[in-house]
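J.: Can you read through this structure? Questions will come right after.
Number of protein chains: 2
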Amino acid sequence: MQMAEAGSIAKAAPGKPNRQSQISRQIRELEQFFGTELTRRKGKSLSLSNAGERLALLIREQLQDLEDFRKEQAGLPKSFVIGAGASVLEWLLVPALPAISRHLGGATLMTDVHRSRSLGEAVRDGRVDLAIIRQDAVPKGANTVLVMKMGFHLCVPRVLLKRGTTERDAANSALWQTLPFAAGRDGGQTDTAIREAMRSAGVDFRPHFECGSMLQVRQLVELGASAGILPTLGIRGLDEKKVLITPFVPLRDFGRVLVLHWNPRQMRRRGLETSDLKKLAAMIADQQKA
Amino acid sequence: MQMAEAGSIAKAAPGKPNRQSQISRQIRELEQFFGTELTRRKGKSLSLSNAGERLALLIREQLQDLEDFRKEQAGLPKSFVIGAGASVLEWLLVPALPAISRHLGGATLMTDVHRSRSLGEAVRDGRVDLAIIRQDAVPKGANTVLVMKMGFHLCVPRVLLKRGTTERDAANSALWQTLPFAAGRDGGQTDTAIREAMRSAGVDFRPHFECGSMLQVRQLVELGASAGILPTLGIRGLDEKKVLITPFVPLRDFGRVLVLHWNPRQMRRRGLETSDLKKLAAMIADQQKA
DNA sequence: ATCAATCATGACTGTGAAGTCAGGTATTCT
DNA sequence: AGAATACCTGACTTCACAGTCATGATTGAT
Chain F
1 MQMAEAGSIA KAAPGKPNRQ SQISRQIREL EQFFGTELTR RKGKSLSLSN
51 AGERLALLIR EQLQDLEDFR KEQAGLPKSF VIGAGASVLE WLLVPALPAI
101 SRHLGGATLM TDVHRSRSLG EAVRDGRVDL AIIRQDAVPK GANTVLVMKM
151 GFHLCVPRVL LKRGTTERDA ANSALWQTLP FAAGRDGGQT DTAIREAMRS
201 AGVDFRPHFE CGSMLQVRQL VELGASAGIL PTLGIRGLDE KKVLITPFVP
251 LRDFGRVLVL HWNPRQMRRR GLETSDLKKL AAMIADQQKA
Chain E
1001 MQMAEAGSIA KAAPGKPNRQ SQISRQIREL EQFFGTELTR RKGKSLSLSN
1051 AGERLALLIR EQLQDLEDFR KEQAGLPKSF VIGAGASVLE WLLVPALPAI
1101 SRHLGGATLM TDVHRSRSLG EAVRDGRVDL AIIRQDAVPK GANTVLVMKM
1151 GFHLCVPRVL LKRGTTERDA ANSALWQTLP FAAGRDGGQT DTAIREAMRS
1201 AGVDFRPHFE CGSMLQVRQL VELGASAGIL PTLGIRGLDE KKVLITPFVP
1251 LRDFGRVLVL HWNPRQMRRR GLETSDLKKL AAMIADQQKA
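Chains as they are written, first to last, in this note's numbering: chain F, 1 to 290; chain E, 1001 to 1290.
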């Protein structure tokens, strides 16, 4: 009996209602064995209780340890799961992956896209080993090291501007009102902050394109189809000849700090020291500067 | 498949040759799964290879963790295995057990008698959580705290002495030659040292009683049947009116240091800090003084 | 009240690991 | 060489768990 799925809402995993009975029974058996409630009723559905979460965490760790042992014996590299938001992943993390893997002794790396909030949970319960995450999305300063500070930039394709428009002109919010914009629509903090900033700058912000992620915003900017507000990460590689890039003043003080976040127990068990993690963070930051 | 017995020489465990085939097969399956040799041939018998030892350790830890979880959920106290040599256990540890248990939140304590040498191994591979052991029997100063220094004492029942014999008289090795002695015969370092010291004091040491442990030596002393050399621990409770007790000069500089020794991984996993362990050591030492 | 969703329970089947037995092979000792 | 020891292998039985299906119970929404 291998803990069915170690975590998350019982039935939710497979669409098959067949297995549901099995899972129900297995949970009951586990509860008998451990003499404790592992689930909690929430309306008509079940979720894991504290004890259940702890057991799930424990089992995940144990399986992970066995897997690590197997890999090590087979001479294979260990593997780590690294999580981040979509844009951080694409713009910051992926370019750094080869260097990270090298530093971890050729480890196999798996990336995992998460929203900030669920990333914290994922790290806490060991589904994700490392995460690049906004500092304000993790509970405390512990188990994090700073990677970089991130600002926001107004990016306007020059084809959308009158010839001769300067960066200073572009800082004028009156101009913004006339531009077609692309913006995120994921309801995340960044998205919300941008819309809020626009409003407080007196702009009636009605993006022409509302995208699921900032990646698509950048593509639209590159295509010359619309302007957009991009984080520092996302302006790398944009052609200054084609796109006018200027700091987005309303969010000047909104600088987000990205940190590398990890679960201390996990890392100890898997043989990574804080010094290693600091090095990793530095490597990731370097990648951005290069 | 539950790892048959996690450790020690495969067949040695049960006297049943039936099961041996099973164990053999199970080891083969494990080796297939992990893609590595878990055993090493030594003549005609098998012993665990390094990988095997590591896996056994890992499994023991995992089972221990599950057991801890179960106990915690059931509101039961955790349990710890404390090891020591027979005399240390009897004279030093057992009296301190109630206080130790109290300090560990009412933990269940299991004692385990070991020779010094195997104690170190037992701690290292997690069969024993805590040990009271001679400092020189553990590899380094790490993971230990001092409990007490131990000297040796010559103990002679007064019925074996002429009336009026003083402690000063008893320090004369010429007297010793005339006394019936009890001594250990366990071949341990302490035993050897005593015999060696006797010889270098010019005594032809031929104990009348050769005992499996110092506990029996003490009993013989109490009975008035023979003299004996007892460690500091062992003289507590001897009646000075009936037994003449005096430092055993030849071993004056042989003072043994007893330390509390633990496995750092174990303790971290099980929620004990170094400060707790220091306190335990102090409690054990206090017990002796009281 | 009715219906849908969600979980619990009982009965049954199939698979595979655990266990047992009956020989094997290799090594060591005398 | 012959016996004893320690382990391996194959064939078989037993048993527990995974998996499936049908159905009941509880809860929430309409």
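Note that beta-carbon positions come from the ideal geometry of N, C-alpha and C, so glycine has one too. Every value quoted in this text rests on a predicted model; they were computed, and no experiment measured them.
Whole alpha helix (DSSP H) runs in the segment 119 to 172 of chain F with 4 or more residues, listed along the chain?
T.: If we require 4 residues or more, the alpha helix (DSSP H) runs fully inside the segment 119 to 172 of chain F come out as 167 to 170.
J.: At the level of alpha carbons, what is the spacing between F:V138 and F:G120?
T.: Those two C-alpha atoms are separated by around 6 Å.
J.: Does E:H1208 pass the burial test, meaning 16 or more other C-beta atoms within 10 Å, or should it be called exposed?
T.: Label assigned to E:H1208: exposed.
J.: In the structure shown, what three-state DSSP assignment does F:G184 receive?
T.: If DSSP states are grouped into helix, strand and coil, F:G184 belongs with the strands.
J.: Tell me the rounded alpha-carbon separation between E:V1156 and E:G1043.
T.: Distance between the alpha carbons of E:V1156 and E:G1043: 49 Å.
J.: Listing by chain order, which chain F residues have their CB less than 8 Å from the CB of E:R1054?
T.: Within chain F, the residues near E:R1054 are F69.
J.: For F:V123, which residues from the same chain have a beta carbon less than 6 Å from its beta carbon, with the 5 sequence-adjacent residues on both sides left out?
T.: For F:V123, where only same-chain residues beyond five positions count, the Cβ hits under 6 Å are A131, H261, N263.
J.: Output yes or no for whether 8 Å exceeds the beta carbon distance between E:M1110 and E:V1147.
T.: It is not a contact, given that the beta carbons lie outside the stated cut-off.
J.: Go ahead and label F:G126 buried or exposed: buried means 16 or more other beta carbons lie within 10 angstroms of its beta carbon, across all protein chains shown.
T.: It is buried - the Cβ of F:G126 has at least 16 other Cβ atoms within 10 Å.
J.: Going by Cα to Cα distance, which pick from F:D65, F:A107, F:S101, F:D186 is closest to E:L1055?
T.: Selected option, being the one with the closest Cα: F:D65.
J.: Distance cutoff 8 Å, beta carbons only. Does F:G151 sit that close to anything in chain E?
T.: False, the Cβ-Cβ gap to chain E never drops below 8 Å.
J.: Assuming E:G1234 and E:S1087 form a contact by the criterion Cβ under 8 Å, report the distance between their Cβ atoms to the nearest whole angstrom.
T.: Yes, E:G1234 and E:S1087 are in contact; Cβ-Cβ is about 6 Å, under 8 Å.
J.: Less than 8 Å separating the beta-carbons of F:I245 and F:I194?
T.: In this structure, F:I194 does not lie closer than 8 Å to F:I245 by Cβ.
J.: Does DSSP put F:K42 in a helix, in a strand, or in coil?
T.: The answer is strand: DSSP assigns F:K42 an E or B state.
J.: Per DSSP, which one or two residues make a beta bridge with E:G1083?
T.: BP columns for E:G1083 point to E:D1112, E:A1131.
J.: I think F:F69 touches E:F1034, with their Cβ atoms under 8 Å apart; what is that distance to the nearest whole Å?
T.: Confirmed, about 7 Å.
J.: Quick one, which residues of the segment 73 to 86 of chain F are near chain E if we go by CB-CB under 7 Å, in chain order?
T.: Per Cβ criterion, the list reads Q73, A74.
J.: Could one say the Cβ of F:D65 lies closer than 8 Å to chain E's Cβ atoms, at least one of them?
T.: Interface residue, yes.
J.: By DSSP's criteria, E:V1243 is part of a beta bridge. Which residues make up the other side?
T.: DSSP lists E:P1157 as partners of E:V1243.
J.: Cα-Cα, which of F:D169, F:T178, F:D204, F:L215 is closest to F:R185?
T.: That would be F:L215, whose Cα lies nearest to the Cα of F:R185.
J.: Between E:K1078 and E:A1107, which are expected to be in contact by the criterion C-beta below 8 Å, what is the C-beta distance as a whole number of angstroms?
T.: Rounded, the Cβ-Cβ distance is 5 Å, consistent with contact.
J.: In the DSSP assignment, find the unbroken alpha helix (DSSP H) run with E:G1052 in it and report its ends.
T.: It spans 1050 to 1073 - the alpha helix (DSSP H) in which E:G1052 sits, taken as one unbroken run.
J.: Determine, using beta carbons only, whether E:I1027 and E:T1039 come nearer to each other than 8 Å.
T.: Result yes, Cβ atoms of E:I1027 and E:T1039 sit closer than 8 Å.
J.: Alpha helix (DSSP H) containing E:I1235: first to last residue?
T.: Premise fails: E:I1235 is in no alpha helix (DSSP H) and is neither H nor E.
J.: So which residues of chain E does F:G35 contact, with C-beta pairs closer than 8 Å?
T.: Those within 8 Å of F:G35 in chain E are R1070, Q1073, A1074.
J.: What residue does the alpha helix (DSSP H) around E:A1096 start on, and which one ends it?
T.: Run containing E:A1096: 1094 to 1103, per the alpha helix (DSSP H) assignment.
J.: Taking only the alpha-carbon atoms, compute the straight-line gap between E:C1211 and E:I1284 and give it to the nearest angstrom.
T.: Computed Cα separation, rounded: 26 Å.
J.: Applying a beta-carbon distance threshold of less than 8 Å, which residues of chain F neighbour E:L1058?
T.: Under the 8 Å cutoff, chain F gives D65, L66, F69.
J.: So, with DSSP's three-state summary, where would you put F:E210?
T.: Looking at F:E210 - three-state DSSP - the assignment turns out to be strand.
J.: Just the chain E side, please: which residues come within less than 7 Å of F:A51 by C-beta, in chain order?
T.: Per Cβ cutoff of 7 Å: Q1073.
J.: Under a three-way DSSP split, which group does E:V1257 fall into?
T.: It is a strand residue.
J.: For F:S200, which residues in the same chain have their Cβ closer than 8 Å to its Cβ, ignoring the five residues on either side in sequence?
T.: For F:S200, where only same-chain residues beyond five positions count, the Cβ hits under 8 Å are P250.
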